[in-house]
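Sequential numbering of the first sequence, starting at 0, is according to numbering that gives the first Met the number 0.
For each residue, glycine too, the CB sits at the ideal point set by N, CA and C.
Comments concern the structure below.
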Amino acid sequence: MNIFENYLKSILENINHHYKELGINKIENYKGINLEKPPPNFDCDISSNVVLILAKQNKCNPITLGKNIKKLLEKNIKDFKDIEIAGPGFLNITLKNDAITLIINNILKKNEKFGSQKDSKNYNIEFVSANPTGPMHVGHCRGAVFGDTLSNLLKFNGNKVTKEYYINDYGGQITNFLKSVYLRIREIKYNEKFPNDKSLYPGEYIIEIADSIQKKRKSEFKNFDDEYEFLQLEALNLSMKMIKSDLSMLGISHDNFVSEKSVVESKTLDKAINLLKKTNYVDEGYLDPPKGEEIKNWKKTKRLLFKSTLFGDDSDRALQKNDGSWTYFANDIAYHFNKVSRNYDKLINILGADHTGYIKRIESAVKALSQNKIILECKVCQLVKLFKKGEPFKMSKRSGEFISVNDLLSEVNKDSIRFMMLNRSNDVELDFDFDKVLEKSKDNPVYYVQYCHARIQSLLRSTNNTSLKQKIVKIDKDFNKYEREILRKIFEWPKVVKISSLKYEPHRIPFYLYELATLFHSYWSKGNEDEKYKFIKNGKIANNILTIISLLLLVLKNGMGILNVSLPDKM
RNA sequence: GCGCCCUUAGCUCAGUUGGAUAGAGCAUCGGUUUUCUAAACCGAGGGUCGUAGGUUCGAAUCCUUCAGGGCGCGCCA
């Protein structure tokens, strides 16, 4: 039910049926022709640039062509009440009341499907994938909320989505983490001082993990290597438990957890590398040291490389380390080979800004692994900058000074966090001011949207109105200008959903909902100035307003549903 | 040195895959409540869309140049 698409179709059909009379060629190239909501200062329902595009294609005067097309469409499309030619040649279309009534009824019939795009792809979205070396911090939060909301959005459109978490439970960082736990256990048991070593994790939570493990295992903890396997099992388990609990408090749950360790231990890597060797994407070679910071133990020796320069990357990428063991990237290729073999139509990875440099090679790898059949698209969330009392607040995992999601959630609710994290394009840095979020003031846009819902519920309560489930709406009289503005905004909803999912930009949804709420609050307040705009008269709500309210509730529910932000009845 | 992202009102940011007079919030100033929720509304001021070119009926949007800011550039994960 996208009125813009529907009417665009009939307009173009009409023009193509009568192109000779219009003195133009049949339309072959539709690029750029569109229908949209007119700018606020034009009082009409739809506006289109068809004439401008066609005049260009046919090298004729837009105004003359416009007049002819206007005549044609007014005659042939019965939903159009009136067409005006404005500016350089825009068609500004006003719809008949009957047409509007029909559209509204169609929307109400669609109900929770209103705006859905009828896609049916099978997506895999990998997001969060935070190292299991500690709890989630605020920085992880953005990617988490982004990935989850994008998943909801794609599901809303009828796609199948697998939300995936890749557990980096392998490699040096994990050893350092386990060693830290081990040393904390020694600290607890033998009062040994925890060493001041940069490679270790000093955080407070390590002590908790250590304590819980040493209580569970009867052992002297005399040798790190002897305890390794047990520590690995237990400590990683505890870490993941913390992370999952944090995610769940944010309303996020993944469908699939894939462990790097299990990928490494499987034969996937051999298969993937063999395939890439056969297709000539992997070969032995030498690499020059990188241009940035100098690396001490660089050894220019022959090793297996992935030829990502074939895809436009700056350099080929090493698959083997000095000692011949596989690099992180090699393991990641195996993991993505595993993803490719699971037959998704599209893979999406949500990354933090610090991993931008990694995108080219992994996207290239997926192309190579799937013979260009499957596309991996990486979406980057820029940094979250933390502020406390207007002062920048630095945090680092190394020093253990960071604000965990858990700390945050003990003070701010999930709704505010989610809305705040999404109320900005993923391409720009996000200032996250604790004091502002904690204030629960009207500065916080989530309250503004929620309040819109609460006000509507309050209206319905005070008129004992429970019959909002009406299937067919009858319009008693013309909608007033405020109502028409709200209607036009509501008609725009499918387009917002479409663009958001097309570009993987869920932030458009909170912005849209905010604007919608503004129109409602504004209309509501008209009753303060003028009795005739009061919603409740003689204890009843007029049919037109009831209609508007039904539509608003529908869109609020669908929109906030995608964001997974609640809509309280009372505030 | 290279790659990616950003540069729009005093501040923080939207901007519909090229459209009409570039929009919000915050801040500033002024106004609205015997009332369906003031967590709200209305009004005012505030702009060389970083710079310089180009593409065309038309550019904040596309291309190129330069400048400024951020992130990254491992044979770490």
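Pair within 7 angstroms by beta-carbon distance, residue i and residue j
{"i": "Leu149", "j": "Pro444", "result": "no"}
{"i": "Lys606", "j": "Ile374", "result": "Only positions 0 to 570 of the chain appear in the structure, and residue 606 is not among them; the question remains open."}
{"i": "Phe229", "j": "Tyr181", "result": "no"}
{"i": "Ile455", "j": "Asn151", "result": "no"}
{"i": "Ile474", "j": "Thr100", "result": "yes"}
{"i": "Asn91", "j": "Pro37", "result": "yes"}
{"i": "Lys488", "j": "Leu458", "result": "no"}
{"i": "Lys387", "j": "Phe433", "result": "yes"}
{"i": "Lys95", "j": "Lys80", "result": "yes"}
{"i": "Leu153", "j": "Ser179", "result": "no"}
{"i": "Phe145", "j": "Ile349", "result": "yes"}
{"i": "Ile187", "j": "Phe256", "result": "no"}
{"i": "Asn337", "j": "Thr267", "result": "yes"}
{"i": "Asn15", "j": "Lys25", "result": "yes"}
{"i": "Leu34", "j": "Tyr6", "result": "yes"}
{"i": "Leu368", "j": "Val339", "result": "yes"}
{"i": "His452", "j": "Leu304", "result": "no"}
{"i": "Tyr446", "j": "Asn121", "result": "no"}
{"i": "Arg185", "j": "Ile206", "result": "no"}
{"i": "Asn13", "j": "Asn75", "result": "yes"}
{"i": "Glu410", "j": "Leu385", "result": "no"}
{"i": "Phe3", "j": "Ser46", "result": "no"}
{"i": "Gly526", "j": "Tyr532", "result": "yes"}
{"i": "Glu226", "j": "Ile212", "result": "no"}
{"i": "Ile102", "j": "Asn57", "result": "no"}
{"i": "Gly170", "j": "Asn557", "result": "no"}
{"i": "Pro289", "j": "Gln449", "result": "no"}
{"i": "Ser258", "j": "Asp168", "result": "yes"}
{"i": "Leu21", "j": "Asn67", "result": "yes"}
Terminal residues of the beta strand (DSSP E) in which residue i lies
{"i": "Thr161", "result": "159–166"}
{"i": "Lys154", "result": "Run containing Lys154: none in the beta strand (DSSP E); it sits in the alpha helix (DSSP H), 137–155."}
{"i": "Leu385", "result": "383–387"}
{"i": "Leu90", "result": "89–94"}
{"i": "Glu125", "result": "121–125"}
{"i": "Ile374", "result": "374–380"}
{"i": "Leu429", "result": "429–432"}
For residue i, the first and last residue of its enclosing alpha helix (DSSP H)
{"i": "Leu482", "result": "Before going further, note that residue 482 is Glu rather than Leu in the sequence given. Element bounds for Glu482: 480–490."}
{"i": "Ala453", "result": "444–461"}
{"i": "Ile82", "result": "Ile82 -> not in any alpha helix (DSSP H); beta strand (DSSP E) instead, spanning 79–85."}
{"i": "Glu514", "result": "507–528"}
{"i": "Tyr6", "result": "2–16"}
{"i": "Asn405", "result": "404–408"}
{"i": "Val263", "result": "259–264"}
{"i": "Ile416", "result": "413–421"}
{"i": "Tyr532", "result": "No alpha helix (DSSP H) holds Tyr532; DSSP gives it neither H nor E."}
{"i": "Val564", "result": "Careful: Val564 lies outside any alpha helix (DSSP H) and carries neither H nor E."}
{"i": "Tyr227", "result": "223–248"}
{"i": "Ile209", "result": "Note that residue 209 is Ala in the sequence shown here, rather than Ile. Here the alpha helix (DSSP H) through Ala209 covers 203–215."}
Nearest-angstrom Cβ-Cβ length linking residue i and residue j, presumed shorter than 8 angstroms
{"i": "Gly157", "j": "Asp196", "result": "Their Cβ separation, rounded to whole angstroms, is 52 angstroms, which puts Gly157 and Asp196 out of contact at 8 angstroms."}
{"i": "Arg360", "j": "Ser307", "result": "5 angstroms"}
{"i": "Glu482", "j": "Ile540", "result": "With 8 angstroms as the limit, Glu482 and Ile540 do not qualify as a contact, their Cβ atoms being about 13 angstroms apart."}
{"i": "Lys280", "j": "Lys301", "result": "Sequence check: residue 280 is Tyr here, not Lys. Between Lys301 and Tyr280 the Cβ distance is about 17 angstroms, and since that is not below 8 angstroms, they are no contact."}
{"i": "Ala143", "j": "Leu249", "result": "6 angstroms"}
{"i": "Glu140", "j": "Glu83", "result": "This sequence places Cys at residue 140; Glu is not what is there. With 8 angstroms as the limit, Cys140 and Glu83 do not qualify as a contact, their Cβ atoms being about 48 angstroms apart."}
{"i": "Ile347", "j": "Glu376", "result": "5 angstroms"}
Check: residue i C-beta below 6 angstroms from any heavy atom of the ligand MG
{"i": "Gly250", "result": "The ligand MG is not part of the structure shown, which contains no ligands of any sort."}
Check your understanding: Would you say the stretch 164–178 touches the stretch 375–393, given that touching needs at least three Cβ pairs under 8 angstroms?
Key -> Flag = no, the stretch 164–178 and the stretch 375–393 do not touch.
Practice item. Kindly provide the ranges of any alpha helix (DSSP H) runs that are 4 or more residues long and lie completely inside the stretch 276–363, ordered along the chain. Key: The stretch 276–363 contains these whole alpha helix (DSSP H) runs: 327–340.
Point to revise | Segment contact, 8 angstroms Cβ cut-off, at least three pairs: the stretch 253–264 with the stretch 322–337 | key: With the cut-off at 8 angstroms, the stretch 253–264 and the stretch 322–337 touch.
Exercise for review: Say whether the stretch 125–139 touches the stretch 309–324, bearing in mind that this needs 3 or more beta-carbon pairs closer than 8 angstroms, one atom from each stretch.
Suggested key: Short answer: they don't touch.
**Study point:** the stretch 499–514 contacting the stretch 415–430, beta-carbon criterion three pairs below 8 angstroms
**Key:** Yes, they touch.
Practice item. Could you tell me whether the stretch 550–558 touches the stretch 238–245, using the rule of 3 or more Cβ pairs below 8 angstroms? Key: Verdict: no, contact absent.
Exercise for review: Check whether the stretch 210–223 touches the stretch 112–130, taking contact to mean three or more Cβ pairs, one atom from each stretch, closer than 8 angstroms.
Suggested key: With contact defined as three or more Cβ pairs closer than 8 angstroms, the stretch 210–223 and the stretch 112–130 are not in contact.
Exercise for review: Identify every run of the beta strand (DSSP E) within the stretch 15–55, keeping only runs that are complete inside it and at least 3 residues long; order them along the chain.
Suggested key: Here the runs fully enclosed are 45–47.
Check your understanding: Where in the stretch 164–195 do unbroken runs of the alpha helix (DSSP H), each at least 4 residues long, occur, reported from the N-terminal end onward?
Key -> Correct list: 171–189.
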